[in-house]
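**Student:** Chains as they are written, first to last, in the numbering used here: chain A, 1 to 275; chain B, 1 to 258; chain C, 1 to 309; chain D, 1 to 310.
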């Protein structure tokens with residue numbers, strides 16, 4: 001291994017601003033999360049949702065009762081929330097934890113980007129994956145129906161809006177949650193288990209409590225119930241939950257944001273320890 | 001043989017202390033308290049005594065067993081070998097005169113002890129909270145069965161996740177998918193499919209004692225013996241298989257250090 | 001040839017990466033230095049001896065047992081791995097004591113032995129602190145303590161001084177010499193050659209997974225002396241010194257460096273070094289320094305490795 | 001080239017009870033600076049303070065005219081950093097990783113890729129640039145860590161223990177790279193190491209740190225000339241007889257392995273050759289002990305230079 005003569009006389013190199021540096025981190029994070037597991041689950045989501053929506057809508061329109069609420073079918077099965085949870089975990093559990101584990105986080109922090117740029121890039125990647133899994137399938141289904149001429153333009157359009165609204169809120173909340181849990185540890189395993197454990201136990205626990213005590217405000221504590229009530233409202237379906245969809249939506253967005261800020265605060269406390 | 005027993009006790013003590021420490025212990029303890037907090041929340045709504053105690057009872061099959069126990073065992077057992085192999089610290093155990101299967105048994109029992117330290121309170125405290133808050137007291141059979149089922153669950157999942165961590169680099173993904181998809185969805189399917197999940201046998205054991213609540217519709221076609229043998233069998237088989245695997249496993253990284 | 005450790009044609013491959021490739025050597029009593037560049041196969045050899053890896057071909061035995069075997073004889077072997085990872089959450093004392101108990105020692109015996117081993121590596125005052133807060137030097141010491149606490153016959157040390165600063169290196173080398181003096185057999189791997197030279201006379205040189213030289217350092221030094229040497233001398237009167245040196249037939253060339261140094265190329269270093277003292281004494285010439293880049297293990301290594309490539 | 005490279009004014013840094021740096025005041029101009037001290041002497045802490053990764057407990061710093069506490073980005077735009085510990089992303093290929101780090105430093109994607117190939121060629125990793133980093137050996141990891149620090153061509157580069165873990169050949173080649181880099185001109189380097197011999201012939205200035213305090217600062221030669229009373233001799237042949245001969249001449253001899261540390265009154269080396277010719281042994285090495293530099297270090301740790309300062 002001989003040393004090549006130092007042709008290292010680099011021309012002066014122009015630099016791009018913070019925005020493009022952040023985009024570089026986003027691009028890398030987005031691509032490196034496209035593992036087999038994630039792609040498999042996302043593909044599953046596309047196939048399942050498209051089949052359900054197209055089948056139901058076709059059947060309903062034949063019987064002349066096609067309306068926006070027909071498109072709400074996929075949200076009835078618990079699978080929908082599980083898909084979002086798995087994709088958020090696959091894309092988010094390791095996003096910061098792996099950088100802390102490999103200590104490559106020092107390479108980011110010693111470069112000309114703020115901690116906020118680093119985190120927003122990570123958030124961008126997680127959010128995008130969730131949107132791909134949550135909004136994409138619905139839009140594809142509506143597209144197919146429109147192409148087949150099933151359902152009027154207004155129905156398809158408002159159904160599409162429904163999928164987008166629900167997907168965006170899911171992305172806002174689960175991105176914040178994934179970032180917060182991922183920046184707490186240097187092992188993706190613990191962040192992943194915490195994601196599943198928290199969301200599922202909140203969902204079940206809240207159901208039991210409100211079932212017995214009858215007080216429904218506790219329902220807001222479960223992100224899954226909030227999302228479901230938003231979905232119902234978006235598709236004009238009278239749902240089983242007495243919660244107000246607007247406050248559910250606000251809660252999801254606000255709590256998601258707070259969790260992201262918590263991730264920022266937590267990481268800025270972890271002083272890059274010296275000796 | 002006494003030498004090997006000493007070595008086993010030392011390994012158990014090492015794994016037990018190594019499992020419950022630092023932020024992991026705090027996180028899991030918080031998690032183990034979730035069922036009790038939920039019962040407390042219910043109690044604050046002053047429901048009827050009977051419904052308070054029956055809800056606390058049902059909470060075990062609905063939440064504690066499938067989610068809380070699962071999380072505790074996933075965190076404590078998958079990492080037992082996976083963390084050590086990744087961090088290359090297993091060599092400090094495997095280059096000693098202790099037999100390799102003893103290492104597996106030691107780590108299993110050590111991590112199981114730590115897990116039970118969280119699982120049993122997570123099972124019993126909710127019942128205590130319900131009773132203290134005025135719920136009708138439980139016949140001894142209820143807490144006894146629940147504790148037995150919780151221990152059995154820990155033994156089964158603990159062994160399986162330990163084995164997963166030993167043999168696979170992506171033990172996390174497999175453990176998560178098994179714990180929260182396989183064990184959650186298969187029981188919903190018709191026919192014999194649910195028999196392939198551990199939780200089916202755990203729930204059938206529970207239904208011998210608790211016929212109300214979520215288990216009321218449960219058709220107990222499985223014998224008492226089978227519903228104990230299956231989970232226990234999974235745990236024991238995983239440990240035995242793990243012992244054999246570690247006996248022939250190369251425990252050093254597959255690369256030259258230089 | 002039955003030594004403490006016998007390797008005969010040992011081969012170990014990781015996919016297409018070559019760990020060892022027909023490695024043959026015999027390690028007898030005392031300290032033996034296993035010397036070679038990074039990637040030469042040193043760590044692979046130690047992992048095979050410690051029963052962590054299984055060789056693909058050849059035979060490897062330690063203390064009469066097959067290297068891949070497990071069992072009671074492991075109590076007679078101590079292994080200090082190359083990696084820095086340890087049970088960071090434990091205190092130093094707890095770490096050593098627990099490993100002793102896993103090796104079958106009783107509780108009291110383990111505590112007593114751990115205390116002795118920890119004091120011999122000079123960590124007594126840090127024994128109650130978590131290994132997480134130990135410096136690099138302290139981590140190497142506690143690693144050494146766990147590998148000598150059970151008083152093994154054979155001690156395997158993979159780069160024990162790696163990353164330790166001068167203060168630490170001097171005291172750890174003294175400890176290793178003391179261990180050998182007390183009757184333990186040591187195999188110490190290193191890529192810092194002058195350190196091995198200060199530890200032992202017996203070395204095995206390894207490159208590309210194969211032995212390229214084995215034996216007493218002096219025998220290997222003779223290998224060096226068989227080649228021409230460049231020797232630098234420092235003297236207030238370089239011209240005068242050069243006149244005498246020029247008359248020696250084995251001196252090929254003399255070059256002046258600055259006002260007080262000259263560089264001599266000699267075909268026979270032995271003859272040159274033998275004649276130099278006599279010259280200085282009889283002619284009253286002052287020589288303030290003698291230095292040759294070709295006179296240490298680095299040179300031997302480069303020479304032998306190039307020969308092997 | 002900015003005259004003022006970096007300056008610290010009475011900088012102290014405490015991590016809880018541990019005081020990693022105590023009242024450090026230095027002012028250094030452009031060039032190659034050696035930051036030398038044993039493990040735990042505060043070297044890495046000083047580098048992280050200069051990068052603005054860590055905040056000083058007291059005191060102020062300035063790097064290339066900017067305060068890393070108030071303008072961290074302005075500093076980090078012009079700085080490269082090669083950490084001491086492993087910090088690579090195992091799943092990426094060599095060239096992928098270096099190019100990616102270049103884009104995070106602000107290089108356009110195309111420039112980053114071509115620069116990545118250049119610097120990997122320069123550090124001698126041309127053949128391995130497409131392999132995954134998890135397969136890299138210790139030596140290759142050190143080289144790619146250097147590559148990511150210089151890919152965006154910063155005017156100032158902090159290299160923390162660049163030769164740690166390398167074998168002699170690897171160490172020599174790394175020092176060769178650093179020498180070639182520092183000779184390209186227009187760039188300054190701060191090289192931290194606990195191996196004093198590394199700095200010889202490579203650095204212009206040396207900062208000696210121990211337990212968070214500045215022991216000495218200045219050119220290597222000036223520091224060495226003040227303290228070299230002891231001489232080292234290595235002989236071939238009957239070294240015991242040779243040592244006995246030296247002692248009989250009233251000389252103090254301290255053998256360490258194969259090195260004999262001798263105190264020569266007024267530096268007169270004649271008795272050494274006298275003893276050698278009397279006992280038919282060959283003087284293979286005579287001179288300043290390789291360890292003298294390290295022993296300078298050890299002696300400084302015990303009795304610091306009077307009036308040590310920039």
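The C-beta atom is built at its ideal place from N, Cα and C for all residues, glycine as well.
None of the values given here were measured: they were computed from a predicted structure.
In the DSSP assignment, find the unbroken beta strand (DSSP E) run with residue 82 of chain D in it and report its ends.
**Tutor:** As a first step, residue 82 of chain D must be located in the fourth chain, where it is residue number 82. 79-82 is the extent of the beta strand (DSSP E) around residue 82 of chain D.
**Student:** Tell me which same chain residues have a C-beta within less than 7 Å of the C-beta of residue 118 of chain A, skipping the five on either side of it?
**Tutor:** As a working mapping, residue 118 of chain A is identified with position 118 in the first chain. Within the same chain, residue 118 of chain A has close Cβ partners 25 and 108.
**Student:** Could you give the C-beta distance for residue 188 of chain A and residue 93 of chain A, rounded to a whole number, given that I count them as a contact under 8 Å?
**Tutor:** Here residue 188 of chain A corresponds to residue number 188 of the first chain, with the count starting at 1. Here residue 93 of chain A corresponds to residue number 93 of the first chain, with the count starting at 1. Their Cβ separation, rounded to whole angstroms, is 5 Å, which keeps residue 188 of chain A and residue 93 of chain A in contact under 8 Å.
**Student:** With 16 as the cutoff for other CB atoms within 10 Å, does residue 78 of chain D come out buried or exposed?
**Tutor:** Here residue 78 of chain D corresponds to residue number 78 of the fourth chain, with the count starting at 1. With 16 or more other Cβ atoms within 10 Å, it is buried.
**Student:** Note the first and the last residue of the continuous alpha helix (DSSP H) segment covering residue 183 of chain D.
**Tutor:** The residue you call residue 183 of chain D lines up with position 183 of the fourth chain. That run of the alpha helix (DSSP H) goes 168-183.
**Student:** Are the beta-carbon atoms of residue 208 of chain B and residue 197 of chain B separated by less than 8 Å?
**Tutor:** Residue numbering aside, residue 208 of chain B sits at position 208 when the second chain is read from its first letter. Residue numbering aside, residue 197 of chain B sits at position 197 when the second chain is read from its first letter. Not closer than 8 Å, so no.
**Student:** Below 7 Å between beta carbons is the criterion; list the residues of the region 79-108 of chain B that meet it against any residue of chain C, in chain order.
**Tutor:** If the cut-off is 7 Å between Cβ atoms, the region 79-108 of chain B has 87, 88, 89, 91, 92, 93, 94, 95, 96, 97, 98, 99 and 100 near chain C.
**Student:** Using a 10 Å radius around the Cβ and a threshold of 16 neighbouring Cβ atoms, would you call residue 65 of chain A buried or exposed?
**Tutor:** In the first chain, the residue the question calls residue 65 of chain A occupies position 65. Looking at its Cβ environment, which holds fewer than 16 other Cβ atoms inside 10 Å, residue 65 of chain A is exposed.
**Student:** Is the number of C-beta pairs between the region 13-23 of chain B and the region 48-57 of chain B that are closer than 8 Å three or more?
**Tutor:** Verdict: no, contact absent.
**Student:** Since residue 160 of chain D sits in a beta bridge, which residues does DSSP pair it with?
**Tutor:** The residue you call residue 160 of chain D lines up with position 160 of the fourth chain. Answer is D:192, bridged to residue 160 of chain D.
**Student:** Who are residue 254 of chain C's beta bridge partners in DSSP?
**Tutor:** In the third chain, residue 254 of chain C corresponds to position 254, counting from 1. Bridge partners of residue 254 of chain C: C:264.
**Student:** Name, please, each residue of chain C whose Cβ falls closer than 7 Å to the Cβ of residue 251 of chain B.
**Tutor:** As a working note, residue 251 of chain B is residue 251 in the second chain. Per Cβ cutoff of 7 Å: 52.
**Student:** For a contact defined as C-beta to C-beta under 9 Å, what are the partners of residue 51 of chain B on chain A?
**Tutor:** Walking along the second chain from the start, residue 51 of chain B turns up at place 51. Result: 212.
**Student:** Could you please tell me which residues of the region 171-184 of chain D, in chain order, have their CB closer than 9 Å to any CB of chain C?
**Tutor:** Residues passing the 9 Å Cβ filter: 171 and 172.
**Student:** So the candidates are A:249, A:116, A:174 and A:216; which of them puts its Cα closest to the Cα of residue 83 of chain A?
**Tutor:** Walking along the first chain from the start, residue 83 of chain A turns up at place 83. Considering only alpha carbons, the answer is A:174.
**Student:** Measure the C-alpha to C-alpha separation of residue 91 of chain B and residue 9 of chain D and round it to an integer number of angstroms.
**Tutor:** Indexing the second chain from 1 puts residue 91 of chain B at position 91. Indexing the fourth chain from 1 puts residue 9 of chain D at position 9. Near 47 Å, if we compare the C-alpha coordinates of residue 9 of chain D and residue 91 of chain B.
**Student:** Taking residue 276 of chain D as the query, report the chain C residues whose CB atoms sit under 7 Å from its CB, ordered along the chain.
**Tutor:** One-based indexing of the fourth chain puts residue 276 of chain D at position 276. Those are 277, listed as they occur along chain C.
**Student:** Chain C beta carbons: is any one of them nearer than 8 Å to that of residue 28 of chain B?
**Tutor:** Taking the second chain and counting its residues from 1, one reaches residue 28 of chain B at position 28. No, its Cβ sits nowhere closer than 8 Å to a Cβ of chain C.
**Student:** Of all the options C:197, C:205, C:267 and C:215, which has the alpha carbon lying nearest to the alpha carbon of residue 230 of chain C?
**Tutor:** Locating residue 230 of chain C in the third chain gives position 230, counting from the first residue. Minimum Cα distance to residue 230 of chain C is reached at C:267.
**Student:** Tell me which same chain residues have a C-beta within less than 8 Å of the C-beta of residue 38 of chain B, skipping the five on either side of it?
**Tutor:** Along the second chain, read from residue 1 onward, the residue named residue 38 of chain B stands at position 38. Cβ within range, chain order: 59, 63 and 126.
**Student:** In the DSSP output, which residue or residues are listed as bridge partners for residue 21 of chain C?
**Tutor:** Walking along the third chain from the start, residue 21 of chain C turns up at place 21. Paired residues: C:11.
**Student:** Have a look at B:131, B:129, B:164 and B:27 and flag the residue whose alpha-carbon is nearest the alpha-carbon of residue 83 of chain B.
**Tutor:** Translated into positions along the second chain, residue 83 of chain B becomes position 83. With distances taken between Cα atoms, residue 83 of chain B lies closest to B:164.
**Student:** Report the rounded CA-to-CA distance for residue 202 of chain D versus residue 192 of chain D, giving the unit in angstroms.
**Tutor:** Within the fourth chain, numbered from 1, the residue matching residue 202 of chain D stands at position 202. Within the fourth chain, numbered from 1, the residue matching residue 192 of chain D stands at position 192. Between residue 202 of chain D and residue 192 of chain D, the C-alpha separation is close to 12 Å.
**Student:** Considering Cα atoms alone, identify which of C:206, C:160, C:68 and C:136 is closest to residue 147 of chain C.
**Tutor:** Here residue 147 of chain C refers to the residue found at position 147 when the third chain is read from its first residue. The candidate whose alpha carbon is nearest that of residue 147 of chain C is C:160.
**Student:** Does residue 83 of chain D come within less than 8 Å of chain C when only Cβ atoms are used?
**Tutor:** On the fourth chain, residue 83 of chain D is found 83 positions in, with the first residue counted as 1. Residue 83 of chain D does not count as touching chain C.
**Student:** Can you confirm whether residue 61 of chain A, when its beta carbon is compared against all beta carbons of chain D, has any partner nearer than 8 Å?
**Tutor:** Counting from 1 along the first chain, the entry for residue 61 of chain A is found at position 61. Judged by the 8 Å Cβ criterion, residue 61 of chain A is not in contact with chain D.
**Student:** With respect to the alpha helix (DSSP H) encompassing residue 283 of chain C, which residues constitute its N-terminal and C-terminal limits?
**Tutor:** To locate residue 283 of chain C, count along the third chain from 1; it is residue 283. From DSSP, the alpha helix (DSSP H) with residue 283 of chain C extends over 269-283.
**Student:** Using DSSP bridges, identify the partner residues of residue 8 of chain D.
**Tutor:** In the fourth chain, the residue the question calls residue 8 of chain D occupies position 8. Per DSSP, D:26 and D:61.
**Student:** Relative to the C-alpha of residue 149 of chain D, which candidate in D:205, D:115 and D:41 has its C-alpha closest?
**Tutor:** Position 149 of the fourth chain holds residue 149 of chain D. Closest option to residue 149 of chain D, Cα to Cα, is D:115.
**Student:** Can you name the residues that DSSP bridges to residue 66 of chain C?
**Tutor:** Taking the first residue of the third chain as position 1, residue 66 of chain C is located at position 66. According to DSSP, residue 66 of chain C bridges with C:61.
**Student:** Pair every Cβ in the region 36-46 of chain C with every Cβ in the region 110-123 of chain C, then say whether three or more of these pairs are closer than 8 Å.
**Tutor:** The region 36-46 of chain C, when compared against the region 110-123 of chain C, does not touch it at the 8 Å Cβ threshold.
**Student:** What would DSSP say about residue 181 of chain C, mapped onto helix, strand or coil?
**Tutor:** By 1-based counting over the third chain, the position of residue 181 of chain C is 181. It is helical.
**Student:** Any heavy atom of the ligand ATP closer than 7 Å to the CB of residue 71 of chain A?
**Tutor:** Among the components modelled here there is no ligand, and therefore nothing to report on the ligand ATP.
**Student:** Threshold first: 4 residues or longer. Then list the alpha helix (DSSP H) segments lying entirely within the region 85-163 of chain B, N to C.
**Tutor:** Complete alpha helix (DSSP H) runs here, min 4: 91-94 and 100-132.
**Student:** Give me, in chain order, the residues of the same chain whose beta-carbon lies closer than 8 Å to that of residue 44 of chain A; leave out the 5 immediate sequence neighbours on both sides.
**Tutor:** Taking the first residue of the first chain as 1, we reach residue 44 of chain A at position 44. Excluding sequence neighbours, residue 44 of chain A sits near 83.
**Student:** I'd like to confirm the pairing. Which residues does DSSP put opposite residue 205 of chain C in its beta bridges?
**Tutor:** In the third chain, residue 205 of chain C corresponds to position 205, counting from 1. Per DSSP, C:35 and C:213.
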